[in-house]
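Visitor: Numbered according to the numbering used here, the sequence shown spans residues 47 to 299.
For glycine and all other residues, C-beta sits at the position ideal for the given N, C-alpha and C.
Model, not experiment: these values are computed from the prediction.
Sending over a structure as structure tokens; questions will come in a sec.
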Amino acid sequence: MKIFSRLFSSKKNLTIEELRKSTVPKHVAVIMDGNGRWASRHGLPRLAGHREGVKPLKRIVRLCSDLGIKYLTAYSFSSENWQRPKNEVSGLMQLFFETVVAELEELNKNGVRIVLIGNRNLIPQRVLKKFEDAEIITKNNNNVVLNIAFSYGSRQEILEAVKKACINITNKEIDINDIDESYFSKLLFTKNCPDPDLLIRTSGEFRISNFLLWQIAYSELYFTKTLWPDFSDAEFLKAIQDYQYRNRRFGKT
Ligand code: IPE
Ligand code: IPE
Ligand code: MG
Numbered sequence: 047m048k049i050f051s052r053l054f055s056s057k058k059n060l061t062i063e064e065l066r067k068s069t070v071p072k073h074v075a076v077i078m079d080g081n082g083r084w085a086s087r088h089g090l091p092r093l094a095g096h097r098e099g100v101k102p103l104k105r106i107v108r109l110c111s112d113l114g115i116k117y118l119t120a121y122s123f124s125s126e127n128w129q130r131p132k133n134e135v136s137g138l139m140q141l142f143f144e145t146v147v148a149e150l151e152e153l154n155k156n157g158v159r160i161v162l163i164g165n166r167n168l169i170p171q172r173v174l175k176k177f178e179d180a181e182i183i184t185k186n187n188n189n190v191v192l193n194i195a196f197s198y199g200s201r202q203e204i205l206e207a208v209k210k211a212c213i214n215i216t217n218k219e220i221d222i223n224d225i226d227e228s229y230f231s232k233l234l235f236t237k238n239c240p241d242p243d244l245l246i247r248t249s250g251e252f253r254i255s256n257f258l259l260w261q262i263a264y265s266e267l268y269f270t271k272t273l274w275p276d277f278s279d280a281e282f283l284k285a286i287q288d289y290q291y292r293n294r295r296f297g298k299t
């Protein structure tokens, strides 16, 4: 155990070029948590924490591109987050709106494809329109796919998929016995991407909070105490390096 921890602590931090020589995850999912606590530690309103939280996301999209990570799924607002105080919700909606307006051109220039995953019916029209425009503008980009999980809840996603499957059975488009994992995965919002290889959660919480429950069946998990606005490039690279030391067995020997 001692040798093991010594090995781990003496591990040198690898550069992007060095990390690229080994297996990089195809798909990284992030639960960007801790904005509120970051704000209160700085004596600021919660919304200032959310605003600060845009910066690490921008940097990490860039790092995914540099590392050759093709898919990044960012949990930015959950189905349950609608229950937060009205002013926080409306402040967040305004922040999403402004962020898409401010960042779209550069993301597009960098070959980032934006995909919204979540319940669109609940999103205010003005904000939804911005996201949908961004989806259309970036739809042919293939450097990095950025899934924005917004108004997203995994249980709700699974329930909707079950309903779609039932409709397809009723319409005789599929036989019940042909519904397998692959068919079901295609009914989820994430139908066009592989399952996450790595899931990162910041802020010291050890829970999943209704994120990608089906998709993370065999994902590697990385938890850190760092609050999301403080999540640095170096720590993201550390998470990737940590992933490269994992021995993924998928139930086999
Ligand atoms: C994550 O930060 C962002 C959203 C959920 C929108 P939080 O707002 O949950 O921050 P904490 O957990 O209260 O610190
Ligand atoms: C999960 O964080 C959702 C996002 C990061 C967008 P929460 O702060 O909502 O999760 P809980 O309430 O701590 O489980
Ligand atoms: Mg939180």
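1) Measuring straight from C-alpha to C-alpha, what distance separates residue 136 and residue 60?
2) Between which residues of its own chain and residue 146 is the CB-CB distance below 7 Å, once the five residues before and five after are set aside?
3) Ends of the alpha helix (DSSP H) at residue 246?
4) Just to confirm the assignment: which complete beta strand (DSSP E) runs, minimum length 3, are found wholly within the region 184-254?
5) So for residue 120, helix, strand or coil by DSSP?
6) What do you reckon, are the CB atoms on residue 74 and residue 138 nearer than 8 Å?
7) Do residue 275 and residue 82 have their beta-carbon atoms positioned less than 8 Å apart in this structure?
8) Locate the alpha helix (DSSP H) running through residue 289, then write down its first and last residues.
9) Can the beta-carbon of residue 62 be found closer than 8 Å to that of residue 103?
10) Quick check on residue 131: buried or exposed, where buried means 16 or more other Cβ atoms within 10 Å of its Cβ?
11) According to the neighbour-count rule (16 or more other Cβ atoms, all chains shown, within 10 Å of its Cβ), is residue 297 buried or exposed?
12) Could you give the DSSP three-state label for residue 263: helix, strand or coil?
13) Tell me the rounded alpha-carbon separation between residue 57 and residue 68.
14) With a threshold of 16 other CB atoms inside 10 Å of the CB of residue 219, please say whether the residue is buried or exposed.
15) Mind checking residue 212: buried by the 16 CB within 10 Å criterion, or exposed?
16) Could you tell me whether any non-hydrogen atom of ligand 3 is closer than 7 Å to the CB of residue 112?
17) Tell me the residue span of the alpha helix (DSSP H) that contains residue 97.
18) Run the proximity test for residue 78: is its beta-carbon closer than 7 Å to any non-hydrogen atom belonging to ligand 2?
Guide: Quick answer:
1) Working through the sequence shown from its first residue, we reach residue 136 at position 90. Working through the sequence shown from its first residue, we reach residue 60 at position 14. In this structure, the alpha-carbon of residue 136 lies about 41 Å from that of residue 60.
2) Here residue 146 is taken as the residue at index 100 of the sequence shown, counted from 1. Excluding sequence positions up to five before and after residue 146, its CB lies within less than 7 Å of the CB of 176, 177 and 180, all in the same chain and listed in chain order.
3) The residue you call residue 246 lines up with position 200 of the sequence shown. No alpha helix (DSSP H) holds residue 246; the beta strand (DSSP E) holding it covers 244-247.
4) Along the length of the region 184-254, whole beta strand (DSSP E) runs at least 3 residues long occupy 190-198 and 244-247, reported in chain order.
5) As a position in the sequence shown, residue 120 is number 74, starting the count at 1. If DSSP states are grouped into helix, strand and coil, residue 120 belongs with the strands.
6) By 1-based counting over the sequence shown, the position of residue 74 is 28. By 1-based counting over the sequence shown, the position of residue 138 is 92. Here residue 74 is not near residue 138, since their CB atoms are 8 Å or more apart.
7) As a position in the sequence shown, residue 82 is number 36, starting the count at 1. As a position in the sequence shown, residue 275 is number 229, starting the count at 1. No, Cβ-Cβ distance for residue 82 and residue 275 is not below 8 Å.
8) For this step, residue 289 is matched to residue 243 along the sequence shown. Segment 279-290, the alpha helix (DSSP H) holding residue 289.
9) Mapped onto the sequence shown, residue 62 falls at position 16. Mapped onto the sequence shown, residue 103 falls at position 57. Going by C-beta atoms, residue 62 is not nearer than 8 Å to residue 103.
10) Counting from 1 along the sequence shown, the entry for residue 131 is found at position 85. So residue 131 counts as exposed.
11) Residue numbering aside, residue 297 sits at position 251 when the sequence shown is read from its first letter. That one is exposed.
12) For this step, residue 263 is matched to residue 217 along the sequence shown. In the structure shown, residue 263 sits in coil (DSSP, three-state: anything other than H, G, I, E or B).
13) Your numbering for residue 57 matches position 11 in the sequence shown. Your numbering for residue 68 matches position 22 in the sequence shown. Residue 57 and residue 68 have their C-alpha atoms spaced approximately 15 Å apart.
14) Here residue 219 is taken as the residue at index 173 of the sequence shown, counted from 1. By the neighbour-count rule (16 or more Cβ atoms within 10 Å), residue 219 is not buried but exposed.
15) Position 166 of the sequence shown, counting from 1, holds the residue named residue 212. With fewer than 16 other Cβ atoms within 10 Å, it is exposed.
16) Taking the sequence shown and counting its residues from 1, one reaches residue 112 at position 66. Because no heavy atom of ligand 3 lies under 7 Å away, the Cβ of residue 112 does not count as near it: no.
17) Counting from one through the sequence shown, the residue named residue 97 turns up at place 51. 92-98 is the extent of the alpha helix (DSSP H) around residue 97.
18) As a working note, residue 78 is residue 32 in the sequence shown. Using a cutoff of 7 Å, the CB of residue 78 counts as near ligand 2, since one of the ligand's heavy atoms is closer than that.
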